[in-house]
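Count the sequence shown with the working numbering and you get residues 11 to 89, in order.
From the three backbone atoms N, C-alpha and C, an ideal C-beta is built for every residue, glycine too.
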Amino acid sequence: MELSLADFIFYIVVACFVMVPIFTVVSRTLHARVERRSLANRVICRLCLYAFEDTSHVGTVNCPVCGALNEKGRSRRLG
Ligand SMILES: [Zn+2]
């Protein structure tokens, strides 16, 4: 019993259908992790609403656009 070309292609297609959801989940997980990390460093200026990232470990950061002092951290909500 030999593996015909049609069977071979069929198995490849089946393998792709199996792999795509796996890659989707993996890439989504990795992306979510990166996004969460970048969100921790994201600062939205309370004055001009300019969003920027600051990787320093200080609690307050100056807006590069208007120079206003902003508190870092996602606990701070708008309002
Ligand atoms: Zn600003």
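Does DSSP put residue i in a helix, a strand or coil?
| i | result |
| --- | --- |
| LEU59 | coil |
| ARG86 | In this predicted model, ARG86 has a pLDDT of only 49, less than 50, meaning its place in the structure is not dependable enough to derive any value. |
| GLY37 | The question names Gly, but residue 37 in the sequence shown is Ser. The answer is helix: DSSP assigns SER37 an H, G or I state. |
| CYS26 | helix |
| GLU12 | coil |
| VAL75 | coil |
| ASP17 | helix |
Taking the continuous beta strand (DSSP E) assigned at residue i, which residues delimit it?
| i | result |
| --- | --- |
| GLY51 | Looking at the sequence shown, residue 51 is not Gly but Asn. Where ASN51 is concerned, there is no enclosing beta strand (DSSP E), given that its DSSP letter is neither H nor E. |
| THR70 | 70 to 72 |
Which partner residues does residue i have in the DSSP bridge list?
| i | result |
| --- | --- |
| GLU81 | THR70 |
Can you list every residue whose CB sits closer than 5 Å to some heavy atom of ligand 1, going in chain order?
-> CYS55, LEU57, CYS58, TYR60, CYS73, VAL75, CYS76, ALA78
Mind the definition here: the segment 67 to 75 touches the segment 39 to 52 only if three or more C-beta pairs lie below 8 Å; say whether that holds.
-> no
Per the contact definition of three or more C-beta pairs closer than 8 Å, is the segment 55 to 64 in contact with the segment 75 to 83?
-> yes
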